[in-house]
Every structure is written in C-alpha cells, then in structure tokens.
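All remarks here apply to the structure that follows.
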Amino acid sequence: METNSRVTARPCPLSEVPAPPLERVIEPPGLGVHLDWAEVWRFRELLYYLAWRDIKVRYKQTVLGGSWAILQPLLTMAVFSFVFGRLAGLEQKTGAVPYPVHVYTGVLLWAFFAGAIGRSSASLVGSAYLITKVYFPRLIIPLAAVGAGLADLGVSCVVLLALMLYYGIALSWQLALLPLFLLGTVLAATGVGTLLAALTVSYRDVGVVVPFGMQLWMFLTPVIYPASLVPERWKWLLRINPMAGLIEGFRDSFLGRPMDAGQAGLSLAIALFLFLFGAAYCSATEQHFADIV
Amino acid sequence: MHKPVIRAERVSKRFRIRTAQGGSGTLRDTLCAAAAAPFRRRSRGRHQAPGSEAIWALRGVSFAVEPGEVIGVVGSNGSGKSTLLKILSRITPPTEGRVVVTGRVASLLEVGTGFHQELTGRENLYLNGAILGMRQREIRSKEDAIVAFAEVERFIDTPVKRYSSGMYLRLAFAVAAHLDPDILLVDEVLAVGDAAFQSKCLGKMDEVAHEGRTVLFVSHNMGAVRSLCKRAVWLDRGEVRQQGGSARVVSDYLASYGAHDSAGVGSVFAQDGNAFLAESEDLGLCGLRLLGPNGRVRAVFEPHEAIHVEIYYQAKRPLHGARLNLWLTTSEGELAFLATDQAARGELTPAGPGRSLCVIPGGLLNRRRYVIGIDGDIPPTRELLPRREYLCFTVAGAGNHGSVISEDWPGVVCPAATWSVDQMPAANAPGGPER
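These protein sequences, in sequence, are chains A and B. When we follow this note's numbering, the leftmost residue of the first sequence carries the number 745, and every step to the right adds one. When we follow this note's numbering, the leftmost residue of the second sequence carries the number 4, and every step to the right adds one.
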C-alpha cells in the first residue's frame, strides 16, 4: 500500500496514470529461445530512430544528397544494360520486356536485399558502443539496419514507375500483389541479416565472407539474366533460392506477366522461415553480446 | 513496511578469458572444437571450454536498496562495480543468482551514448532520448527544458561535431538528467567535464534524490559518494566487503586503499599494470605517500608532527601555468583546507616525471581522520586531473586543543593557538562593568 502511495505522490511529468510498479527478475539465461516480440514492440521508437539516423547520416555532407538513391540503381542499370544486354546479347532473351526494365527490376530488389544484409550483418559489431552501455532488445539493431534501406527501396520503386511510363508498359491488377514480394524480400533480408549479425559478434570471419557471398548469390539469382535461360537440371537451385522467386514475382506483378503462384508461395514461405530462424538465433544469443562484442 | 526496489541475491558473474593457445575465436576454431567435442565432453565440465580461463567478476553479491534511497557503490578498479551496474541494467546477464527490480529503471553508464557527430543537437537529443528509453512524446514535452538546461539554445540546430566539448557534455547530460525513472543507475558520469559541469551534475543528482527516486551511484569520487549517498556498498574483488553508512564505508575503503600497497599504509601508487592513478592527455598522477618527520611512510601522526605529502606525477609534455592542488577533507567530507603548489612550481612544468612536496605544518590538525584529495589544473579553465581522494590518515594523540581532559574535540582543524592567562585587577580590564 505504501509503495502505491509513494508512486502517486511523485510528480508525474506527463498526465498519464502511472503504471503499477512493474517487477522484473534478472536471472541467468536458460537455454533456448527467448524471442519476446512484445519487448521489441516496446522499443519500436528506438528502431525507428536508429533507421532514421542511418538514412540521415548516409547522405549528410554529400553534394547530391538523396539523389544518390535514384542515381545508383539507374547507373547500375545503364552499365548492366550495356555490358550484359548489348555486349553479351541478353537483350534478345527477355521477350517483350525491354532489357533495361528487366535488369532494373532485378537490381532494385537485389540492391535492397544485399544492402540490407551487408548493413545488418555488420550492425551489431558496429554498435558495440550501444550494446555495452544500454539495454534494449538487441534484435532492434539489425532490424533498424534493414529498415534504413526501405527509403531507398521506395524511391527506386517510384523511378521504376517512371521507367515503365517511358517504355510504355501498362500496369495491371497484379500490381496489387507487389507488397507481398516486397514483404518477402524484407523478411528474407532480415532473417539472413540478423543471423549473420549474431554470428559476426562471435566470428568476425563472417564479415569477410558476406560481400563475397552476396556477389555469388547474385549470380545464382535471375537479376541480370531471365530465369527462362536456366537449364532444366539447374532449375531446382532457383526454386530453393527465395530471392529468385521473389524477384521473378516482383517482375511479374509489375509487368503484368503470368505468375508462377506455386513458386511465389514457396519463396515467401522460405523467406518467412529465414526471418523466424534469424530472429530466433539472434534472440537466443543476444544475452551474451555485451560480453563478447 | 517498504519493499526493497532492488534486491540482489547472491549474484555472480563469470567471464571466460581465452588464453593464447585456446585460439582467437574464429569460425574455424569453433568448428574444430565442435568436431572434437563428442570426444571431450566426458572429461571436462560443461562450461569449461578448452584454453579458456574463468574469471569471477562478481561472487555472491547480495544487497537490498529501499525505495528513495541513494546508495553509493565504491571499490577499486576491477572490483566488479561496472559489472554489477551492467547486470542491474540488463546489459549482461548474471551467471548465478538473481536480482529483483521494481519500477522503471534507467541506466546512465556514460553520457551521450549514441550521439552522432553528423547530427544536429536537436536530432541527437531525440536519438539519445530514444536510446535511453524515452518515448517520443515524452522527449517532445521535455525538449525545451533539456535545451535550456544544456544552455545550447543558439546551437541546437548545428551538428554536434561543431560543438565545444563542454557544450557536447552539457547537452548529453541534459538529456540524461530529464529521464524520469523510478530507479536511476549512474556510473562515473561525473568524472568528465570541468568543475562547473560537475557541480551541475551533482546538483541534479541531489535534486533527483530529493524527489524520492532511488539512485545507485558508482563513483571514484569519494567526496560525491559521501555527500550524495546515505549508504554505500564496498566491492572488493567481486565480493561485498562492507556495506553501511557511506561516511564509514568510504573512510574504511580509503584506509584500505593505501594499505594494499606494499609500502604499507600511508602510500598509494598505480599498480596492476596501470602507469597512473589518474591521468589526462597532459599529466598523469603516479602516486602519493605520507611521511613523518623521520622520513618513514605512515598514516598515523601526532598532532604536533609535520606531515610530508609527496605527490609523484609525470608531465606528458611541457605545461605552462599548471598546478597541483591538495584538498584536505575530514572523513565526514568537510573541507579543512585547499593548498596548491602553484607558487613553488612556477610558470613552466617541464615534460617528464616530477615530485611535488607539501608539508602540512605540525600543530594544525585536529585529532581525527582526514582524507587527501588531489587535482590538477591550468587556471582558470583547463583541467589536468579530476579531483579524487586517494589517501586517508589519522591524527591521534594528545592534541593541540589545550584541553587537559580526554574528550572529543570538534572542528575540522585545531591549530595550536597560543593562549596566555593573566590575573588582572578588575578596574584595569578594558570594557569593564564600570564604564
């Protein structure tokens, strides 16, 4: 009773009713997964601020500022169109779709995916100064690193619309499916990113392997080439690679092409699995980050 | 009856230090270890990885903090103070034992955590607030107060990389000072900044304490612990050595601090591989010791004896206008006097090791326990060494006070004042009753 009266007597800065004093027990972690989404949700504002900081800082003191978000994928598209489309002759293989549009849709999603994984895998180690000084669910850090890529992704989607207008490609009802593939990509990137981030805390080797690994992964994904070019006996590789299905599905929904629903469903399921696995792994190990980071 | 807001029950924390042959923790080593693990498991304990050594940073620490209490945690470097704070702040989990905490906790292990050089003061204010666990609308409602407290109104939309270090610190502390937790955990934030900043911090801490919040305060600043905290816990090599009234704990701690040293009580020098007891980029304090008139190091003096305080330091580069100051306080924290070597030192302090000797004359001090604090500065603004207390000594014996019976004598000092008593005729007395 006395505890309650003390709490109400304390001047409260906001006109909210003080919550009953919450009791928390700090104990040695047991084995297993302590994925506490309520706790992550409670710190959502921190997630937002960390992502916002990353975006804000990225283009500070640059001359072109946010224009880089538009220029990077456009320049990549131009170079790829010339090298792979013109010189390597891939522009003959994309059917009705102009090769620049084909490669841009791939690059757009892949740039987000690779960028998010690159940033988030390094994020925990790069935030050692926070991890050793303040408590919050550690999952917030790699999540924020993925979130920081969303702004660029949004910008490049708008550019894609302009590009399609330029090439005179009509939009179809399938555009409504677009968020599904974006979500799948975010889930896959988050899953792989958080897993690698947690591994990097203990094993810095991961940081060396990631850029190289992402490059290899890109060539296993129909970013530059259309999926139809892949020989039948290698198709299974694309099937289990969630990014293959997601990028193809993303293209289909933008370009209004017939969609392989089974493949799309499988890719989304794999992306969801990656997300849950990465988040669970990160949460299972996060208690010890402060001691080893 | 009050229920404790922090109840630590036999909290222990073990760190594993990897030894050289144990590998550096690359993936390959772990894979090798994992491959070999089935063959090893039976012969070793589950926690004992090969090539690693266990260090107990905390061992069986138990204490309770009542609501509204301000409690200090003292102890030398490596005694487990910071580990304890990290466990209470949930940054790292305990290995054994448990802590029950009631109420909203904010921990302040440093000021300005997560400040980003490229962001403006206002942007950092929001970011830092979020990092410290404030809600956005909470920050918004306090924004003006924070900016005013930090005295950076004119520069609030300037990137903090253009701030002076003083402005930076003030803003960082201002955000932290406007947290409204039930329990505030503070570590050494007062060890930075100039005297004005420190007194501002201490004032705010005092205010927080008076609002009925619970504060757990870890510091090397014994004066601050004594004046802010009623109770203190003394950690020694991971265990609670003593807890109780802060004046008592602090003076016992300081007494033992000197006693650790091989030279015996009355001397303290940097050890455990540290070059300095305290240092800045300009100056390091190597150690200090107390000598009696016969040149022997000791910590108990007769009231009539002169006390030689030798301060060993190292100037890291030539310094102009530097000085070392000696703060003599009683073990209850009252300042007896402040002395400085400025006049003896002169304008230039050459680079290299040096010694400053202060002779406290005999016949000055009272019979009690005193604490010697040292700081260094280049007046008026530049700090060379933060003020910290290092040594404790006792003045005991007959006393200078001129009383012939054995009694406690008040006063921070007790100079051997000269008295003479004469008989005089009543008519000659100045100011006598006849006038």
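Just so you know, even glycine gets a beta-carbon here, dropped at the ideal spot from N, CA and C.
Find out if the Cβ-Cβ distance for the pair residue i, residue j is shorter than 9 Å.
i	j	result
Ser15/B	Glu99/B	yes
Leu174/B	Val189/B	no
Gly1000/A	Ser916/A	yes
Ala133/B	Tyr793/A	yes
Phe1033/A	Ile884/A	no
Tyr316/B	Gly349/B	no
Cys232/B	Val312/B	no
Val845/A	Leu897/A	no
Arg93/B	Asp183/B	no
When you compare each of the options to residue i by their alpha carbons, which one comes out closest?
i	options	result
Arg863/A	Leu887/A, Thr876/A, Thr1029/A and Leu1020/A	Leu887/A
Ser865/A	Leu927/A, Thr938/A and Leu904/A	Thr938/A
His307/B	Gly295/B, Ile314/B and Glu113/B	Gly295/B
Ser168/B	Asp344/B, Ser359/B and Phe118/B	Phe118/B
Phe824/A	Leu868/A, Pro842/A and Leu894/A	Pro842/A
Val150/B	Ile134/B, Leu172/B and Val77/B	Leu172/B
Val851/A	Arg797/A, Thr929/A and Gly870/A	Thr929/A
Ile159/B	Ala180/B, Thr95/B and Leu128/B	Leu128/B
Ala354/B	Ser283/B, Val218/B and Lys319/B	Lys319/B
Ala177/B	Leu219/B, Arg165/B and Phe200/B	Phe200/B
Arg125/B	Cys204/B, Tyr166/B and Met208/B	Tyr166/B
Asp949/A	Val869/A, Ala988/A and Met987/A	Val869/A
Ser423/B	Ser144/B, Asp411/B, Val416/B and Gly405/B	Gly405/B
Ala419/B	Arg370/B, Ile74/B, Arg62/B and Thr116/B	Arg370/B
Val73/B	Val236/B, Ala180/B, Lys145/B and Phe152/B	Val236/B
Thr332/B	Glu56/B, Ser79/B and Arg390/B	Arg390/B
Glu69/B	Val303/B, Leu219/B, Gln139/B and Glu284/B	Leu219/B
Arg17/B	Phe66/B, Gly71/B, Ile90/B and Gly75/B	Ile90/B
Arg1/B	Asp239/B, Gly226/B, Ile186/B and Asp147/B	The requested residue 1/B is not part of the displayed model; chain B covers only 4 to 438.
Ala813/A	Gly833/A, Ile799/A and Gln805/A	Ile799/A
Ala840/A	Ile1014/A, Leu1012/A, Ala1015/A and Arg995/A	Arg995/A
For residue i, I'd like the list of residues in its chain whose CB is within less than 7 Å of its CB, leaving aside the five on either flank, ordered along the chain.
i	result
Arg2/B	With chain B represented from 4 up to 438, any question about residue 2/B goes unanswered, as that position is not in the structure.
Glu783/A	Pro881
Ala346/B	none
Starting from residue i, follow its DSSP beta bridges and name the residues at the other end.
i	result
His311/B	Leu294/B and Val362/B
Gly237/B	Note that residue 237/B is Trp in the sequence shown, not Gly. Note: Trp237/B sits in a beta bridge opposite Val77/B and Gln245/B.
Arg372/B	Thr397/B
Ala318/B	Leu286/B and Gly355/B
Glu767/A	Thr105/B
Gly344/B	In the sequence under discussion, the amino acid at residue 344/B is Asp, which differs from the Gly named in the question. Looking at the DSSP assignment, Asp344/B forms no beta bridge with any residue, so it has no partner.
His323/B	Leu351/B
Thr217/B	Ile186/B
Pro162/B	Thr123/B
Ile9/B	Val68/B and Val104/B
Could you tell me whether any non-hydrogen atom of the ligand MN is closer than 8 Å to the CB of residue i?
i	result
Gly402/B	For the ligand MN, the structure offers nothing, since it holds no ligand at all.
Here's a check: name, in chain order, each residue in its chain whose Cβ is nearer than 8 Å to the Cβ of residue i, leaving out the five neighbours to either side.
i	result
Met958/A	Ala858, Ile861 and Gly862
Phe1021/A	Gly935 and Leu939
Within 9 Å of any Cβ in chain A, is that where the Cβ of residue i sits?
i	result
Arg44/B	Below a pLDDT of 50, predicted positions are generally treated as unreliable, and Arg44/B, at 42, falls in that range; no measurement from the model is reported.
Leu122/B	yes
Ser65/B	no
Ala57/B	no
Val218/B	no
Ile159/B	no
Gly136/B	yes
Leu174/B	no
Val108/B	yes
Lys207/B	no
Using a Cβ cut-off of 9 Å (strictly closer), state whether residue i contacts chain B.
i	result
Gln836/A	no
Pro955/A	no
Ala1034/A	yes
Thr1046/A	No answer is possible for residue 1046/A: the residues shown for chain A start at 745 and end at 1037.
Pro966/A	no
Ile770/A	yes
Leu886/A	Note that residue 886/A corresponds to Pro in the displayed sequence, not to Leu. Not an interface residue.
Pro1002/A	no
Tyr793/A	yes
Glu992/A	no
By Cβ distance below 6 Å, which residues in the same chain neighbour residue i in space, the five residues on each side in sequence not counted?
i	result
Tyr803/A	Gly809 and Gly810
Val104/B	Ile9
Leu338/B	Thr332
Phe1017/A	none
Lys6/B	none
Ala941/A	Ser864, Ser865, Ser867, Leu868 and Pro886
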